[in-house]
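Visitor: Before I ask anything, let me first share the structure, which is written out below as structure tokens.
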């Protein structure tokens, strides 16, 4: 399970439609369908079911969405914290990056 | 930024040594070094610095580790919730997986 997978699931849950979610995510519909199916296999449960009126979340899907939203929000907040910090301070000198662990 | 990257960073921060962390993670040392360097480039800051006595976290690295631990813990808890659930209930029938969105 990766953050990308969680973001894909949340987009599908939001759009209630794989094709629309794929457009929003700028991925192909088969790629997105595969990612969702792989996630369900990994979790061992169906997160959403297809109906005439689009996708609906299962109880497991509703549970998963709540946790996924929390995790994705925390990760986004962490990334934004560094974006904001870099706006305030000069960019890291190249030599500093060179001093990061090379083993 | 992905959960895998966060787990890699946390292992290096824990071991204070790229080679030992690579052993723990079952990845090569160059792969791990690259992942950490890519993460630092993405964040625009050095998370750790090399010294005679191994790696030490920068202030940004200490900040990042606290948030990364929280995110990885939540993701692990979510995955374990489904593992536990599947122990209690029978595995998902194949046809149910077949009914997951195919687009």
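Protein chains in written order, with the working numbering: chain A, 97 to 199; chain B, 97 to 199. Virtual Cβ for every residue (Gly too), placed ideally from N, Cα, C. Just so you know, these numbers come straight off a predicted model, no measurement behind them.
#1: Name, please, each residue of chain B whose Cβ falls closer than 8 Å to the Cβ of residue 98 of chain A.
#2: Compile a chain-ordered list of the residues in the region 135-152 of chain A whose CB is closer than 7 Å to at least one CB of chain B.
#3: My assumption, with CB atoms under 8 Å, is that residue 145 of chain B sits in contact with residue 163 of chain A. Please give the rounded CB distance.
#4: Just mark residue 155 of chain B as buried or exposed, buried being the case when its beta carbon has 16 or more other beta carbons within 10 Å.
#5: For residue 133 of chain A, which three-state DSSP category applies?
#6: Using the beta-carbon of each residue, which ones in chain B are nearer than 7 Å to residue 107 of chain A?
#7: Given that a residue counts as buried once 16 or more other Cβ atoms are within 10 Å of its Cβ, and exposed if not, what is residue 198 of chain A?
#8: Under 9 Å, do residue 114 of chain B and residue 174 of chain B count as touching if we go by C-beta distance?
#9: I'd like to check one pair, residue 117 of chain B with residue 110 of chain B: are the Cβ atoms closer than 9 Å?
Guide: Based on what the coordinates show:
#1: 98, 99, 100
#2: 136, 137, 139, 140, 141, 142, 144, 145, 146, 151
#3: 35 Å between Cβ atoms; not a contact.
#4: exposed
#5: helix
#6: Within 7 Å Cβ-Cβ: nothing; residue 107 of chain A doesn't reach chain B, min ~12 Å.
#7: Only weak support exists for where residue 198 of chain A lies, its pLDDT of 46 falling under 50; the value from the coordinates is given anyway. Per the 10 Å Cβ criterion, exposed.
#8: no
#9: yes
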